[in-house]
Amino acid sequence: MNKKSKSLLSLVLTIALGSSLLAGCSSKGSSSSTGGKVKLEVFSNKTENKPIYQKMISDFQVKNPNIQIVLNAPPDAGTVLKTRLTKNDMPDVLSMGGDNLYGELATNGVLLDLSKESFMSNIQTAYTKQMSDLLTNGDKNSYGVPYATNAGGVLYNKEKFTKLGLKIPQTWDEFIKLSENIKTSGETPFYLTLKDAWTGMCFWNILASDIAPKTFLADRKADKTTFVASHSEIADKMLEIIKYGQKDIYGMGYNDGNKAFAQGKSVMYLQGNWAISDIKKINPNIKLGMFALPATNDINKNKITSGVDVTLVITKNSKHPAEAKKFIQYMLQKENAQKYISDQFAFSAVKDVIQKDDSVTDLADNFKKGKIGSFPDHYYPTGMDTASIVQGFLNKKDKVAFLEKLDTEYDKNNKK
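In our numbering, the protein residues as written are 6 to 421.
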């Protein structure tokens, strides 16, 4: 998961979701028809994708002159959207993360059901399932279209791997042996950046995705299991990983880690594809790759941890759903989906749209074969600050207290 996946947006809307205004009985709507043109608003919670969105919107409008689109991507998207939600004045199209917020909006009747739209067949099944699993009432409909995705794993310095005669590990034991060999060589295996709480989620999610029981999320929701009962191995392996970090793992943040890895201060870096662009800006000549951290000794269980970073939804109060669907269909065209992931250095939920940068070619087989695991924390209750709990655990190393704290906070925030 990246640093924005547990966004402010999901936190500030919690109260608003309980409002009776969500019933949509007297929707003002944000769209209109002026001068013979249909006006739509597209709202993005990511300021960084505003330039590419604007280019794509401009092209869409040339091809669809009767539709005018206004793009809104405010810096404080969470607060803005909260205000509009409480006023029942939602945008036509919302570009948002694929996390618990989506589930809450869909469950509360804010979003339009897109299940029967033909364009849904263009989306990889692994990602539509992730979105379905976010719905809290057993609903299996699709209220969002997964668009761009991200992945967490291990970034590695290809030149250092070659110099040390290293190969990408396929099992957990091989991964630890590799780390030991790097340490013995005098190099630093990992650069860890636990000054920023969210960075610990990079390996929590990877490990939990592969190791936690397949039914854990549903069973925990139903109070049939606990973190204490099922996540001990995950906690142990996190403590194993931090043994191979640099000396000051709690004094360095995300930007420090990007800089240090770009400068060759470690052989590997536990992060995701979102860090690659920043690293290459610091060192354009770096030869780096990325592989899925093998969390177990069973190769069949080891997957790439990947989640929906951008999903496209249409709100029920839109006065022009047909035109909104036409815009989404345009965005899903392969050449347009390719433009987006190339610009944002993301992966795609659209079938046969591949991130072609050579730094992630080691992941191609995972995506091709559908060996994709989701970010578990996307399914934890909104308001549960897992990142801070994980950060505290890695500092104090009290496993029992850590797992108990996860259960306490889960129960506190779980909505029955």
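Note that beta-carbon positions come from the ideal geometry of N, C-alpha and C, so glycine has one too.
Being a predicted model, the structure only gives us computed values, none of them experimental.
- Query: For the beta strand (DSSP E) that K42 lies in, which residues bound it at each end?
  - Reply: 42-49
- Query: So is A267 buried or exposed if we call it buried at 16+ other beta carbons inside 10 Å?
  - Reply: buried
- Query: How would you call V405, buried or exposed, if buried means at least 16 neighbouring beta carbons within 10 angstroms?
  - Reply: exposed
- Query: How long is the line joining the alpha carbons of E164 and L90, rounded to whole angstroms?
  - Reply: 50 Å
- Message: Using only CA atoms, which one of F372, K376, S393, K373 lies nearest to D382?
- Response: S393
- Message: Mapping the DSSP letters down to three states, classify L411 as helix, strand or coil.
- Response: In this structure, DSSP gives L411 a helical state, which the three-state scheme calls helix.
- Would you report the Cα separation of L26 and W279, rounded to the nearest angstrom? At L26 the pLDDT is 39, less than 50, meaning the model places this residue with poor confidence; the figure from the coordinates comes in the next sentence. Approximately 36 Å between the Cα atoms of the pair.
- Query: Considering D224, what are the terminal residues of the alpha helix (DSSP H) in which it resides?
  - Reply: Run containing D224: 221-226, per the alpha helix (DSSP H) assignment.
- Query: Which full runs of the alpha helix (DSSP H) of 4+ residues lie inside the region 152-237, going along the chain?
  - Reply: List check, alpha helix (DSSP H) in window: 163-169, 177-189, 206-216, 221-226, 232-235.
- Query: Of the choices I57, Q73, V67, whose alpha-carbon is the least far from that of G41?
  - Reply: Ranking the options by Cα distance to G41, first place goes to Q73.
- Who are the Cβ neighbours of Y58 in its own chain at under 8 Å, not counting the five residues just before and after it? Sequence-distant partners of Y58 (beyond 5 residues in either direction) whose C-beta falls short of 8 Å from its own C-beta, in its chain, are V47, S49, L76, A78, S100.
- Message: According to DSSP, simplified to helix, strand and coil, what is N260?
- Response: helix
- Query: Buried or exposed: which applies to L197, given that a residue is buried once 16 or more other Cβ atoms fall within 10 Å of its Cβ?
  - Reply: Within a 10 Å sphere around the beta-carbon of L197 sit 16 or more other beta-carbons, which makes this residue buried.
- Item | Cα-Cα separation between M61 and W177, rounded to whole angstroms | 43 Å
- Query: Around the C-beta of G149, are 16 or more other C-beta atoms found within 10 angstroms, so that it is buried, or is it exposed?
  - Reply: buried
- Message: Measuring straight from C-alpha to C-alpha, what distance separates D241 and D201?
- Response: 21 Å
- Message: Comparing C-alpha positions only, which one of L117, L86, L110 sits nearest to K330?
- Response: When L117, L86, L110 are compared, the shortest CA-CA separation from K330 is found for L117.
- Taking the alpha-carbon positions, what's the E185 to V272 distance? 12 Å
- Query: CB L139 to CB G108, shorter than 8 Å?
  - Reply: yes
- Query: Taking DSSP as the reference, what is the three-state secondary structure of G277?
  - Reply: strand
- Item | Any 3 or more C-beta pairs closer than 8 Å across the region 126-135 and the region 254-263 | Taking 8 Å as the limit for Cβ pairs, the verdict is that the region 254-263 does not touch the region 126-135.
- Task: Alpha carbon to alpha carbon, how far is D416 from S190? Give it in angstroms, no decimals.
- Result: 46 Å
- Task: Just the C-alpha distance for E53 and K361, rounded to the nearest angstrom, thanks.
- Result: 20 Å
- Return helix, strand or coil for T316, following the three-state DSSP convention. strand
- Taking Cβ positions, are A300 and T154 nearer each other than 8 Å? no
- Message: If I measure Cβ to Cβ from D412 and keep anything under 7 Å in the same chain, skipping five residues before and after, which residues do I get?
- Response: T231, F232, V233
- Item | Neighbourhood of M389 by C-beta, 7 Å cutoff - its chain only, sequence neighbours within 5 removed | E414, Y415, N418
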